[in-house]
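Undergrad:
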Amino acid sequence: MTLNSFLLLPNSRFLLSGNLHGGSVVASYPYDDSPTHKPTGVYSKSADDEVFKYLAKAYASHHPIMRTGKPNCPGEEGETFPEGITNGAQWYDVEGGMQDYNYVWADCFEITLELSCCKYPMTSELQQEWENNRESLLSFIEKVVYGDYHRLLVPGTYNVTAVAMGYTPLTRENIEVKEGDATEVDFFLQPTVAPAPNLTQLTATPAPASTIASTVVQAEAPSPTSLHQPIQPVDFRHHHFSDMEIFLRRYANEYPNITRLYSAGKSVELRELYVMEISDNPGVHEAGEPEFKYIGNMHGNEVVGRELLLLRESFSQPELSESACPCSKLQKADKLQQLGQGHRECFRKFPLCSLLWETLTCPCKSESNLISPAGSLVVNYPYDDDEQGMAIYSKSPDDAVFQQLALSYSKENKKMYQGSPCKDMYPNEYFPHGITNGAQWYNVPGGMQDWNYLNTNCFEVTIELGCVKYPNAEELPKYWEQNRRSLLQFMKQVHRGVWGFVLDATDGRGILNATISVAEINHPVTTYNDGDYWRLLVQGTYKITASARGYNPVTKMVTVDSEDAVQVNFTLKRTDAKVEEGKVPVLNIPDTSDPNEKEFETLIKDLSAENGVEHLLLSSSGKVSPYRYRPYKDLSEFLRGLYLNYPHITNLSSLGQSVEFRQIWSLEISNKPNQSEPEEPKIRFVAGIHGNAPVGTELLLTLAEFLCMNYKKNAAVTKLIDRTRIVIVPSLNPDGREIAQERGCTSKIGQTNAHGRDLDTDFTGTQEPETKAIENLILKQDFSLSVALDGGSLLVTYPYDKPVQTVENKETLKHLASVYANNHPSMHLGQPGCPNKSDENVPGGVIRGSEWHSHLGSMKDFSVTFGHCPEITVYTSCCYFPSAGQLPGLWAEHKRSLLSMLVEVHKGVHGFVQDKSGKAISKAVIVLNESLRVCTKEGGYFHVLLAPGLHNINAIADGYQQKHMQVLVRHDAPSSVFIVFDMENKIFGLPRELVVTVAGASMSALILTACIIWCVCSIKSNRHKDGFHRLRQHHDDYEDEIRMMSTGSKKSLLSHEFQDETDTEEETLYSSKH
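According to the working numbering, the sequence shown holds residues 94 to 1167 in order.
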């Protein structure tokens, strides 16, 4: 049994092994033997001692008994193992142990796991043993992943060398191994002689801690092409249908995130017509991204095309985890659809085949049919047929495009390009440059490439792959080698010509089935669901028109070059004034018609790449690095020096004064520092809120100097300054800084201001002058991002510092913090390693402020709540005030992260808001994901940072209808939206027409009622002027008469006058006589 194991191990690819034993509870690691062979007590250290201890701890730390280091086995109650692990020989010497053999001879790291004190426990105890060891077993398994080679290492920096017989050794220096997933390092060795047997060895040595950049030594650096060389296929054989079916399913199962296997229909004999789609988002048409397909085996007896596609699939799949196309120049999301098997004669009656529906529903731009109908080596292009049915040149409207497509394939196939492919079979056959017009070769009515061109947006050519229709399997490597470059080069053609979107001017949505016409080329193409289109064209200048039913057409002059396709967007206005109601999505369609805008977007994408900022730093001019701390006086002079030396890009101002009347300086860096540019994102860097942590101050001063020195000298830095407004506040607490003490790693002297107030808890009452100064800056609400630098640890916190149940826009805040941490060489590891908190673990180096140090009144909480600006706090080092000698190293660690913030501020979503008349709407409210709110600035501009993904936007403005849309935010480019408001047609929540009608009717009723009341009152006032009317009826009206009657005098009656109720004297009936 031992012999069989030893014979198996050297030929296996085992990386990690656990040898399960009993008799104690401990994890033992090599070596088990020592040179002295003492029975016990000799630590026999292997070259990978740290790795073995790491593996042993991975198991022991999850075992409830083992991790205590006290097994308490009967008879050995006093035996202890620190952390539950031990070196084998130190425990007891074992000569010829299996774990030692694995390590020395089999490239396999093995440890011995003693699982229980009892070697043969009772059955009733097995359940408990499983519970004790389950988590440990799983954790141990997680330490290994798949790879063509794998070398276990503990976190650190290493120099790794690959050596193989017949090849020049290659060393990759300063490879950083992080906690978590394995670090991928590929080697491309240059042969010194003919390739020899596979005897590759790898060695790893710790790299010097002082160096950072990764370089290649001991061999000539391979070319860029070789550095991205995909894995070549090795399985060359004929795949019959069942074999091919298994092959396709295998790849679909191994790469489910980038593949989709489905059927386009069935053949006559009910075999599936398989389609393999390869994309970063399989099954989803991504707006603005072209689709491409290869078809093989259209004729059942011509199998080379099928085998090439299967080989090409195995050639590309390992690379597709990084890119959906193995060619580095192709965009990541290009679709590759491979139809694996066809039967019967479909080529000449394509519209009758099952593939018709597949082609109609796929918005493919380019296609190739890999067959060999007559046994030849040539690329033929439409038309295959002509009106007379004769073998003559049948020219299509896009004849120049088809020739370019055909040549792109034939030029990469040396034999094909020569033009005389099958001299033995057809000695007189000649195809100039290996291409031909289909009908000129021989007439084929109803061919698939003609049908594609006439009925879809797809340009198809037919590629004849060889003189023999069914070659022997041993000849397949030759076919692959002849065609693999051609297959890739042909795919690149999908990025030639023009592409873009056709949009509705009213709401910005894409227009389906709009027509794209090119003057003098009678072959229009149509847009897909989101208004996106692709149109293949050769180099030249074209007059292109976009039109759609119900819209006014738009024409543009476009120049197409020989490189990448040109983006041309069309915005069409409706022919009528009616506007369709409803909520529709607005797509992420940046307007790149401006060459400068397109160039800047390319820069942001390049800088967002893995080593993009690193390349910027390497290409920068003038090396800057902090070498000393600057007290207040020196800081002020330094800032004035920048302002005086770079007046065209800087503006120095004071935000206010501290308690002790020191200026709180603010330096703005921009191409127009004294002008308002609301369309440019604005970023704020603040340091020194705690005076005892001045590292941030020195980092920001160095950043300012770096930017100024490289303006107009480094293209990337120049473009960033031209497109960004950068505000630097280097010292918010200058009074505290003046009394802080260097090398005071834990000293709190200078942490507060002169009043003894911690400024990061003062953004509630706003009592301190320093707080008021920065608050006034924040409340301008024109910043897109803020970065605060502090000290005392090595991590990044995001809002909120106060304890809250939920955090609005949490994903975005966390994403921004992660961008900074991920660009720092060690912060993202999540282990600050500070002396006072050596066991602190912060996953990813990012944590919410309240979870790390909860407190009220913080600056970043104020910035988010009242300034509507996301702010992160960066803790630059464990020591508050390290020695000046450490400043260059700290700058080297943080400069990439600081510059990455200048890149990140240009991402997210930006756009303009206006009404239908073109008037910009300022102070409109943009609500994102129903929580985050921002207001449009002057000119209707807004910008907000969002984490990559799909986000909902609601736009609200007084007097206008609310707009709802969705936007897709990318990780490497900004997303643009253009919002056009319609006038509000509702009053008090009711339709405007109804409110106007009701209001008019109410006014009419009021007027009528008033008229009636006036008439009634007028009639009453005229009753007493004429005719008879009733006398007074009340008792009090006759008070005088009653009094006279009571006297009994008749004379009094005669002397009393009687008057009616009129005012005229002429109508007096009786008068008194004297």
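Backbone N, C-alpha and C fix where the C-beta goes; we use that ideal spot for every residue, glycine too. All values derive from a computational prediction rather than experimental measurement.
Since S501 and Q586 are thought to touch, with beta carbons under 8 Å apart, how far apart are those beta carbons, to the nearest angstrom?
TA: What you label residue 501 is simply residue 408 of the sequence shown in a count that begins at 1. What you label residue 586 is simply residue 493 of the sequence shown in a count that begins at 1. Sure, about 5 Å apart at Cβ, within 8 Å.
Undergrad: Where does C1110 land, buried or exposed, given buried means 16+ other C-beta within 10 angstroms?
TA: Walking along the sequence shown from the start, residue 1110 turns up at place 1017. By the 10 Å Cβ count, C1110 comes out exposed.
Undergrad: Among all the DSSP beta bridges, which residues are the ones paired with A780?
TA: In the sequence shown, residue 780 corresponds to position 687, counting from 1. Looking at the DSSP assignment, A780 forms a beta bridge with L882.
Undergrad: Flag this pair as yes or no: are the beta carbons of Y190 and D141 separated by less than 8 Å?
TA: For the purposes of this step, residue 190 is taken as the residue at position 97 of the sequence shown. For the purposes of this step, residue 141 is taken as the residue at position 48 of the sequence shown. It is Gly, not Tyr, that sits at residue 190 in the sequence shown. Not a contact, by the Cβ cut-off of 8 Å.
Undergrad: Applying the 10 Å Cβ sphere with the 16-neighbour rule, what's the burial state of V897?
TA: Indexing the sequence shown from 1 puts residue 897 at position 804. Exposed: under 16 other Cβ atoms inside 10 Å.
Undergrad: Could you compute how far the alpha carbon of C1104 sits from the alpha carbon of A1098?
TA: Taking the first residue of the sequence shown as position 1, residue 1104 is located at position 1011. Taking the first residue of the sequence shown as position 1, residue 1098 is located at position 1005. Roughly 10 Å separates the two Cα atoms.
Undergrad: Which residue marks the beginning of the beta strand (DSSP E) containing P827, and which one marks its end?
TA: Here residue 827 refers to the residue found at position 734 when the sequence shown is read from its first residue. Segment P827 to I832 is the alpha helix (DSSP H) holding P827; no beta strand (DSSP E) there.
Undergrad: Exposed or buried, E553, counting other C-beta atoms within 10 Å across all chains shown (16 or more means buried)?
TA: Numbered from 1 along the sequence shown, position 460 holds the residue referred to as residue 553. It counts as buried.
Undergrad: What residue range does the beta strand (DSSP E) around I388 cover?
TA: Translated into the one-based positions of the sequence shown, residue 388 becomes position 295. Here the beta strand (DSSP E) through I388 covers E384 to G389.
Undergrad: Where does the unbroken beta strand (DSSP E) through P928 begin, and where does it stop?
TA: Here residue 928 is taken as the residue at index 835 of the sequence shown, counted from 1. Looking at the DSSP string, P928 is not in any beta strand (DSSP E), and its letter there is neither H nor E.
Undergrad: Quick one: any contact between the region 201 to 214 and the region 114 to 125, if contact means 3 or more CB pairs under 8 Å?
TA: yes
Undergrad: Whole angstroms is fine: what's the gap from P823's alpha carbon to S1010's?
TA: In the sequence shown, counting from the first residue as 1, residue 823 sits at position 730. In the sequence shown, counting from the first residue as 1, residue 1010 sits at position 917. If I take the Cα positions, the gap works out to 45 Å.
Undergrad: Excluding the 5 residues preceding and the 5 following N807 in the sequence, name in chain order all residues of the same chain whose CB lies nearer than 8 Å to its CB.
TA: Looking up residue 807 in the sequence shown gives position 714. Counting only Cβ-Cβ distances below 8 Å, and skipping sequence neighbours, we find L709, S712, S713 and S714.
Undergrad: For the structure I just gave you, are there three or more beta carbon pairs, one from the region 961 to 970 and one from the region 882 to 894, closer than 8 Å?
TA: yes
Undergrad: Apart from the five residues on each side of it in sequence, which residues of its chain come closer than 8 Å, Cβ to Cβ, to L1043?
TA: Working through the sequence shown from its first residue, we reach residue 1043 at position 950. Excluding residues within five positions, the ones whose Cβ falls inside 8 Å are Q1059, V1060, L1061 and V1062.
Undergrad: In chain order, which continuous runs of the beta strand (DSSP E) of length 3 or greater are located wholly inside the region 625 to 656?
TA: 625 to 628, 633 to 640 and 647 to 653
Undergrad: Taking the CB atoms as reference points, tell me whether K953 and P1041 lie closer together than 8 Å.
TA: Here residue 953 refers to the residue found at position 860 when the sequence shown is read from its first residue. Here residue 1041 refers to the residue found at position 948 when the sequence shown is read from its first residue. Contact: no.
Undergrad: With three or more beta-carbon pairs closer than 8 Å as the criterion, would you say the region 1045 to 1055 touches the region 984 to 994?
TA: no
Undergrad: Could you tell me whether the Cβ atoms of P383 and W592 are closer together than 8 Å?
TA: As a working note, residue 383 is residue 290 in the sequence shown. As a working note, residue 592 is residue 499 in the sequence shown. In contact: P383 and W592 (Cβ atoms closer than 8 Å).
Undergrad: According to DSSP, is I268 helix, strand or coil?
TA: Stepping through the sequence shown from its first residue, residue 268 is reached at position 175. Reduced to three states, the DSSP call for I268 is strand.
Undergrad: Measuring only the C-alpha atoms, how far is K691 from V1037?
TA: Taking the first residue of the sequence shown as 1, we reach residue 691 at position 598. Taking the first residue of the sequence shown as 1, we reach residue 1037 at position 944. Going by the C-alpha atoms only, they are around 20 Å apart.
Undergrad: I'd like to know if the region 799 to 817 and the region 987 to 1006 are in contact, where contact means that at least 3 CB-CB pairs between them fall below 8 Å.
TA: yes
Undergrad: Measuring only the C-alpha atoms, how far is V361 from Y563?
TA: One-based indexing of the sequence shown puts residue 361 at position 268. One-based indexing of the sequence shown puts residue 563 at position 470. Roughly 22 Å between the two C-alpha positions.
Undergrad: To test your reading of the DSSP string, which unbroken beta strand (DSSP E) runs of 3 or more residues are found completely within the region 112 to 140?
TA: Counting only runs of 3 or more, we get 119 to 122.
Undergrad: For K775, which residues does DSSP report across the bridge?
TA: If you number the sequence shown from 1, residue 775 lands on position 682. K775 has R818 as its beta-bridge partners, per DSSP.
Undergrad: Per DSSP, what kind of secondary structure is C166 in: helix, strand or coil?
TA: What you label residue 166 is simply residue 73 of the sequence shown in a count that begins at 1. Strand at C166.
Undergrad: Taking V996 and F1074 to be in contact with their CB atoms under 8 Å, please state how far apart those CB atoms are, rounded to whole angstroms.
TA: Numbered from 1 along the sequence shown, position 903 holds the residue referred to as residue 996. Numbered from 1 along the sequence shown, position 981 holds the residue referred to as residue 1074. So it is not a contact: roughly 32 Å between Cβ atoms.
Undergrad: Within 10 angstroms of its Cβ, does N548 collect 16 or more other Cβ (buried), or is it exposed?
TA: Residue mapping note: residue 548 aligns to position 455 of the sequence shown, counting from 1. Exposed, since its Cβ has fewer than 16 Cβ neighbours within 10 Å.
Undergrad: What residue range does the beta strand (DSSP E) around Q1007 cover?
TA: If you number the sequence shown from 1, residue 1007 lands on position 914. Its beta strand (DSSP E) spans residues V1002 to D1008.
Undergrad: Is the region 528 to 537 close to the region 478 to 498, with three or more CB pairs under 8 Å?
TA: yes
Undergrad: Taking E480 as the reference, give the member of V537, N767 and S747 with the closest Cα.
TA: By one-based count along the sequence shown, residue 480 stands at place 387. Selected option, being the one with the closest Cα: V537.
Undergrad: Measuring CA to CA, which of P617, E770, F974 and D1008 is closest to C551?
TA: Residue 551 sits at position 458 when you count from the first residue of the sequence shown. The shortest Cα separation from C551 among P617, E770, F974 and D1008 belongs to P617.
Undergrad: Three or more C-beta pairs closer than 8 Å, one from the region 130 to 148 and one from the region 212 to 222: is that the case here?
TA: no
Undergrad: Give the single residue among A182, T608, V187 and G115 whose Cα lies nearest to the Cα of P646.
TA: Residue mapping note: residue 646 aligns to position 553 of the sequence shown, counting from 1. Its Cα nearest to that of P646, the residue T608 stands out among A182, T608, V187 and G115.
Undergrad: Quick one: is R265 buried, meaning 16 or more other Cβ sit within 10 Å of its Cβ, or exposed?
TA: If you number the sequence shown from 1, residue 265 lands on position 172. The Cβ neighbour count for R265, taken over all protein chains shown within 10 Å, is at least 16; the residue is labelled buried.
Undergrad: Would you mind reading off the limits of the beta strand (DSSP E) that contains H987?
TA: Numbered from 1 along the sequence shown, position 894 holds the residue referred to as residue 987. From DSSP, H987 is part of no beta strand (DSSP E) but of the alpha helix (DSSP H) over L980 to E997.
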